[in-house]
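S.K.:
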Amino acid sequence: MSEDAGTAQKIPVLYRDKRLVVVVKPAGLLVHRTPLDSYEQENLVKQLGLQLDQPVYPVHRLDKPTSGVMVLALDPDCARSVTSQFEQRTVSKHYYAVVRGYTESEGSIDYAIGDKDARHNRRSPALSHYKTLASIELPHRVDRYPTTRYSLVEVTPVTGRRHQIRQHMKHINHPLIGDTSYGKAIHNRFFSEHYQSHRLLLHATGLSFVHPDSADKLSFSAPFMDESISDNGQFARVLNDHRWHWHHSQIV
Numbered sequence: 000m001s002e003d004a005g006t007a008q009k010i011p012v013l014y015r016d017k018r019l020v021v022v023v024k025p026a027g028l029l030v031h032r033t034p035l036d037s038y039e040q041e042n043l044v045k046q047l048g049l050q051l052d053q054p055v056y057p058v059h060r061l062d063k064p065t066s067g068v069m070v071l072a073l074d075p076d077c078a079r080s081v082t083s084q085f086e087q088r089t090v091s092k093h094y095y096a097v098v099r100g101y102t103e104s105e106g107s108i109d110y111a112i113g114d115k116d117a118r119h120n121r122r123s124p125a126l127s128h129y130k131t132l133a134s135i136e137l138p139h140r141v142d143r144y145p146t147t148r149y150s151l152v153e154v155t156p157v158t159g160r161r162h163q164i165r166q167h168m169k170h171i172n173h174p175l176i177g178d179t180s181y182g183k184a185i186h187n188r189f190f191s192e193h194y195q196s197h198r199l200l201l202h203a204t205g206l207s208f209v210h211p212d213s214a215d216k217l218s219f220s221a222p223f224m225d226e227s228i229s230d231n232g233q234f235a236r237v238l239n240d241h242r243w244h245w246h247h248s249q250i251v
């Protein structure tokens, strides 16, 4: 699925009660209508509202080309409560991304980032932690070297800035594969031709927060190899390459 492709298929539901619903957002689908993508009519809020036959209220966001686990509220009071948890940074979020080059085994990126669509491109403090899960060296000259290296990283953003992971990984010279805004086109083309992967390789694999009624901690995962990410197996094709060297055995 391309970055600008929508979807009309059923949204996978991981959990639902009378206050909230947890789903897997497909790659290529907006969370809600936005003037930044005004021509796109389909979005998660619209499709899920029709699917559940009731209004849904987004409390956080994922970029259009990003797939993965999301929570949405089913009433305005719940929306305010869960949104507050995101604002207070008490929500735990985990993402998997394929990036260019060999990354350090782990690290932190404390770097203020800007929103190019915000007024005056104001920069805001942003912090992300990452660890390397796997790496691969391919016998192909994609850029200036005879072989090409890539890494699979798990990223845990502390703050929640727009395009934070994409900008942070670019800042340390490991841009995401499939990133048309911050990545490198030559590597994106290689993955498109070699793996038939035409998407941003970023997936929200885990989310934990406190239920606004019971105060119980809820944790959900959306495995990147699961068909529910609705990308026609693109992420899975990349990671099914037997040449990946896995640094950690417990991968979601």
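Read in order, the letters of the sequence shown correspond to residues 0 to 251 in numbering that gives the first Met the number 0. We treat Cβ as the ideally placed atom computed from N, Cα and C, and that holds for glycine.
1. Which complete alpha helix (DSSP H) runs does the stretch 136-214 hold, if anything under 4 residues is left out?
2. For T131, does the three-state DSSP call read helix, strand or coil?
3. Among H162, T204, S180 and R88, whose alpha-carbon lies nearest the alpha-carbon of F234?
4. For the stretch 39-53 against the stretch 93-107, do three or more pairs of beta-carbon atoms, one drawn from each stretch, fall closer than 8 Å, so that the two count as touching?
5. Based on DSSP bridge pairs, tell me the residues matched to I10.
6. For I10, does the count of other Cβ atoms within 10 angstroms reach 16, so buried, or fall short, so exposed?
7. Terminal residues of the continuous beta strand (DSSP E) containing D109?
8. Look up R79 in the DSSP assignment and say whether it is helix, strand or coil.
9. Just checking my contact of V22 with M69 at CB under 8 Å: how many whole Å lie between their CB atoms?
10. Tell me whether R60 sits in a helix, a strand or coil according to DSSP, three-state version.
11. Can you tell me whether R236 is helix, strand or coil according to DSSP?
12. Along the chain, where does the beta strand (DSSP E) containing V68 start, and where does it finish?
13. On the DSSP bridge list, what partners appear for H93?
14. Buried or exposed for D109, please, with buried defined as at least 16 other CB atoms from any protein chain shown within 10 angstroms of its CB.
15. Span of the beta strand (DSSP E) holding K17?
16. Mark T146 as exposed unless 16 or more other C-beta atoms lie within 10 angstroms of its C-beta, in which case mark it buried.
17. What residue range does the beta strand (DSSP E) around L51 cover?
M.R.: The answer reads as follows:
1. Listed in chain order, they are 163-170 and 184-194.
2. It is a strand residue.
3. The option with the nearest alpha carbon to F234 is T204.
4. no
5. Paired residue(s): none; I10 is not in a bridge.
6. With 16 or more Cβ atoms within 10 Å of its Cβ, I10 is classed as buried.
7. E105 to D109
8. In this structure, R79 counts as helix in the three-state DSSP scheme.
9. 6 Å
10. coil
11. Helix at R236.
12. S66 to A72
13. DSSP, once it has assigned bridges, lists G205 as partnering H93.
14. D109 should be labelled exposed.
15. It is not in any beta strand (DSSP E) - K17 carries neither H nor E in the DSSP assignment.
16. exposed
17. That residue, L51, is in no beta strand (DSSP E); its alpha helix (DSSP H) goes L43 to L51.
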